[in-house]
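First the structure, in the form of structure tokens, and then the observations on it.
2 protein chains.
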Amino acid sequence: MGRSPQSSSQTPDQGAARRPSRARGIPEATVARLPLYLRALTALSERSVPTVSSEELAAAAGVNSAKLRKDFSYLGSYGTRGVGYDVEYLVYQISRELGLTQDWPVVIVGIGNLGHALANYGGFASRGFRVAALLDADPNVVGTSAAGLPVRHMDELESIVESQHVSIGVITTPPGAAQQVCDRLVEAGVTSILNFAPTVLTVPDGVDVRKVDLSIELQILAFHEQRKAGEEPDHTESVLDRAPGPVRAAAAKLRRAAGGSGKARAAEAAAKDQAEQAKGKTAKGGEGDLSAVMPA
Amino acid sequence: MGRSPQSSSQTPDQGAARRPSRARGIPEATVARLPLYLRALTALSERSVPTVSSEELAAAAGVNSAKLRKDFSYLGSYGTRGVGYDVEYLVYQISRELGLTQDWPVVIVGIGNLGHALANYGGFASRGFRVAALLDADPNVVGTSAAGLPVRHMDELESIVESQHVSIGVITTPPGAAQQVCDRLVEAGVTSILNFAPTVLTVPDGVDVRKVDLSIELQILAFHEQRKAGEEPDHTESVLDRAPGPVRAAAAKLRRAAGGSGKARAAEAAAKDQAEQAKGKTAKGGEGDLSAVMPA
DNA sequence: TAGATTGTTAATCGATTAACAATC
DNA sequence: TAGATTGTTAATCGATTAACAATC
Numbered sequence: 001m002g003r004s005p006q007s008s009s010q011t012p013d014q015g016a017a018r019r020p021s022r023a024r025g026i027p028e029a030t031v032a033r034l035p036l037y038l039r040a041l042t043a044l045s046e047r048s049v050p051t052v053s054s055e056e057l058a059a060a061a062g063v064n065s066a067k068l069r070k071d072f073s074y075l076g077s078y079g080t081r082g083v084g085y086d087v088e089y090l091v092y093q094i095s096r097e098l099g100l101t102q103d104w105p106v107v108i109v110g111i112g113n114l115g116h117a118l119a120n121y122g123g124f125a126s127r128g129f130r131v132a133a134l135l136d137a138d139p140n141v142v143g144t145s146a147a148g149l150p151v152r153h154m155d156e157l158e159s160i161v162e163s164q165h166v167s168i169g170v171i172t173t174p175p176g177a178a179q180q181v182c183d184r185l186v187e188a189g190v191t192s193i194l195n196f197a198p199t200v201l202t203v204p205d206g207v208d209v210r211k212v213d214l215s216i217e218l219q220i221l222a223f224h225e226q227r228k229a230g231e232e233p234d235h236t237e238s239v240l241d242r243a244p245g246p247v248r249a250a251a252a253k254l255r256r257a258a259g260g261s262g263k264a265r266a267a268e269a270a271a272k273d274q275a276e277q278a279k280g281k282t283a284k285g286g287e288g289d290l291s292a293v294m295p296a
Numbered sequence: 001m002g003r004s005p006q007s008s009s010q011t012p013d014q015g016a017a018r019r020p021s022r023a024r025g026i027p028e029a030t031v032a033r034l035p036l037y038l039r040a041l042t043a044l045s046e047r048s049v050p051t052v053s054s055e056e057l058a059a060a061a062g063v064n065s066a067k068l069r070k071d072f073s074y075l076g077s078y079g080t081r082g083v084g085y086d087v088e089y090l091v092y093q094i095s096r097e098l099g100l101t102q103d104w105p106v107v108i109v110g111i112g113n114l115g116h117a118l119a120n121y122g123g124f125a126s127r128g129f130r131v132a133a134l135l136d137a138d139p140n141v142v143g144t145s146a147a148g149l150p151v152r153h154m155d156e157l158e159s160i161v162e163s164q165h166v167s168i169g170v171i172t173t174p175p176g177a178a179q180q181v182c183d184r185l186v187e188a189g190v191t192s193i194l195n196f197a198p199t200v201l202t203v204p205d206g207v208d209v210r211k212v213d214l215s216i217e218l219q220i221l222a223f224h225e226q227r228k229a230g231e232e233p234d235h236t237e238s239v240l241d242r243a244p245g246p247v248r249a250a251a252a253k254l255r256r257a258a259g260g261s262g263k264a265r266a267a268e269a270a271a272k273d274q275a276e277q278a279k280g281k282t283a284k285g286g287e288g289d290l291s292a293v294m295p296a
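This is how it looks when you write it as structure tokens:
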């Protein structure tokens, strides 16, 4: 059976490449928005709002109303022209489409801070997800409890997955343990994995992996923040980086001929940046400290 | 100043609609992948691998190699034909592009389980992010410590943001407090927000919000899991939902004329599904339990 | 030089959006 | 009927990918 690496980033279209691209013709981008609509509708439902227009609901969900109507059109014709959508009815239809009218037992593997946080997360239970078990490999953690559930030993993984028909696993282990845990989950029969460890998991065909990466989101924010801070277009850029092809090629050759290691080259580039910073070309308190990103 | 709702889902193109769509011509989808490449490169760097081809690096990052080369082409020509990319040099260039060669002080607001987990998260410190302060409104939490840092009271927010030049805030409060916390952060000068609360935040122009939603990812997995389980295309679908237009319209009219509340309609639809399940049309242990998704 | 691999082109695919006919 | 709002069309935009010329 072929093993395929999980699909990349979580921000673009996770997993779109792996599976037949759509299930029953619903675009992946639409599927990813259904939970947003559902949340907005649930809030309206709690306020006993009977109907809502695409315009109102789109505003509540933070999307364009044309997009929302297009999204709903993939599900069917659940609105009434001139009136809008019936809140309760739409809550039900979306829930059903997402599979939330079923009960989904999940196991959480790795009960550190994040595992604890997830075990306690209200958004799971309220949407059909039930924590079937908390698992950890550390004997000091096994036997403690979280969210009212005992933490059990990894050895029980297979029997729990089988007896409780668990098809979804959540990995909150340290990165080094993630692939191994993933393999055991898959072997035991789990076919959907939510991975919080910063590790690219390899799984057989037919297994879905989604990844939540806490630091990636922060890095994307930093990228944009950097752009806001200094508005000079080339503020951290070396002149050579934008030079015409031949010049760049010559420079590359020089760097290479210098026989310097990549580290030397990187350090050199950093030094250049710092020199430019000293000349006041860089924005906002930047210190050019590479120690954090350049392993020694 | 105009206030715009944050951009919707985290899965498609977060925030692409709000800002001028690209900063210095780098597509949003590419920016979102840079952290993945960076992680893969860092791992190679730690193993002292000097160079890597686009094919190898793409495999490590879990993406298509053509996509990787295209992504890198937006940054400049950092490779060598016939050879590949110098690992260290590329680590530096991507770090710089993402703004990770700067020091980014962040505040974390809401020190529950998730706040704790984030405070301890290694992936932050190692990428230029520094936790400037942990904040909470609960007097019982204030004064405790997490990850070696004291939890301080919300009242100190403004002075901390100002004195430490904090431009990034992380919200890990309960949903009800998120908008209020967000407003205070923005007022104090924060211009990038990472929101873990399941709340659509409204912010002024010029402020970026990214959202990490733990339950949305699980819901997307459930959608696909449902499709795997029962492969009959229409397994949870009422006959009417796929009927030709006129029939659907008539049915809608009937539902409406029945004067039933949306709840009644939803319950009716659910009953229909359960009847179908009884006939064996539904997959995999589904119990059709609506209590979790249908607020009373 | 011969083999390898990048950087770029161009075709394709999917997602977004405004506009409006259909219809409540 | 008149006003409102959906569902759909079609244009546009952005992202992906295979293929290959450039070039190390």
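Protein sequence lines, in the order shown, are assigned to chains A and B. Those letters in the first sequence? Residues 1 to 296, by full-length UniProt numbering. Those letters in the second sequence? Residues 1 to 296, by full-length UniProt numbering. For every residue, glycine included, the Cβ atom is placed at its ideal position computed from N, Cα and C.
Whether residue i touches residue j by CB criterion (8 Å)
i              : j              : result
residue 78(A)  : residue 85(A)  : yes
residue 25(B)  : residue 225(A) : no
residue 189(A) : residue 161(A) : yes
residue 134(B) : residue 119(B) : yes
residue 48(A)  : residue 65(A)  : no
residue 51(B)  : residue 87(B)  : yes
residue 178(B) : residue 201(B) : yes
Below-8 Å beta-carbon distance, residue i vs any chain A residue
i              : result
residue 208(B) : yes
residue 168(B) : yes
residue 379(B) : Because chain B spans 1 through 296 in this model, residue 379(B) falls outside it and cannot be assessed.
residue 198(B) : yes
residue 219(B) : yes
residue 113(B) : yes
residue 226(B) : yes
residue 251(B) : In this predicted model, residue 251(B) has a pLDDT of only 40, less than 50, meaning its place in the structure is not dependable; the value taken from the coordinates is given anyway. It does not; no Cβ of chain A falls within 8 Å.
residue 99(B)  : yes
residue 194(B) : yes
residue 162(B) : no
residue 31(B)  : yes
residue 215(B) : yes
residue 132(B) : no
Residue i: first and last residue of the uninterrupted beta strand (DSSP E) it sits in
i              : result
residue 150(B) : 149-153
residue 195(A) : 192-195
residue 202(A) : 202-204
residue 26(A)  : Counting along the chain, residue 26(A) falls outside any beta strand (DSSP E), and DSSP gives it neither H nor E.
residue 171(A) : 168-171
residue 130(A) : 129-136
Whole-angstrom C-beta distance between residue j and residue i, which should lie under 8 Å
i              : j              : result
residue 109(B) : residue 45(B)  : 34 Å between Cβ atoms; not a contact.
residue 132(A) : residue 93(A)  : Between residue 93(A) and residue 132(A) the Cβ distance is about 27 Å, and since that is not below 8 Å, they are no contact.
residue 111(B) : residue 141(B) : 6 Å
residue 104(A) : residue 128(A) : 6 Å
residue 40(A)  : residue 60(A)  : 4 Å
residue 198(B) : residue 175(B) : 5 Å
residue 173(A) : residue 186(A) : Incorrect: roughly 15 Å between the Cβ atoms, too far for contact.
CB contact below 8 Å: residue i versus chain B
i              : result
residue 182(A) : no
residue 70(A)  : no
residue 39(A)  : yes
residue 223(A) : yes
residue 188(A) : no
residue 173(A) : no
residue 144(A) : no
residue 212(A) : yes
residue 123(A) : yes
residue 153(A) : no
residue 9(A)   : Interpretation of residue 9(A) is limited by its pLDDT of 31, a score under 50 that renders its predicted location unreliable; the figure taken from the coordinates is listed afterwards. Residue 9(A) counts as touching chain B.
residue 204(A) : no
residue 47(A)  : no
residue 179(A) : no
residue 117(A) : yes
Residue i: first and last residue of the uninterrupted alpha helix (DSSP H) it sits in
i              : result
residue 178(B) : 175-188
residue 210(A) : Segment 208-211 is the beta strand (DSSP E) holding residue 210(A); no alpha helix (DSSP H) there.
residue 299(B) : For residue 299(B) there is no data in the structure shown, the boundaries of chain B being 1 and 296.
Exercise for the section: Evaluate the contact criterion for the region 163-181 of chain A versus the region 197-207 of chain B: three or more CB pairs, one atom per stretch, below 8 Å. Expected result: no
Practice task
Would you be able to state if there are at least three C-beta pairs under 8 Å between the region 23-42 of chain B and the region 211-226 of chain A?
Solution key: yes
Problem - Three-pair Cβ contact test at 8 Å for the region 216-223 of chain B versus the region 188-200 of chain A - result: By the C-beta criterion, the region 216-223 of chain B is judged to be in contact with the region 188-200 of chain A, since at least 3 inter-stretch pairs fall below 8 Å.
Exercise for the section: Specify whether the region 147-154 of chain B and the region 113-132 of chain B touch according to this definition: at least 3 beta carbon pairs, one from each stretch, less than 8 Å apart. Expected result: yes
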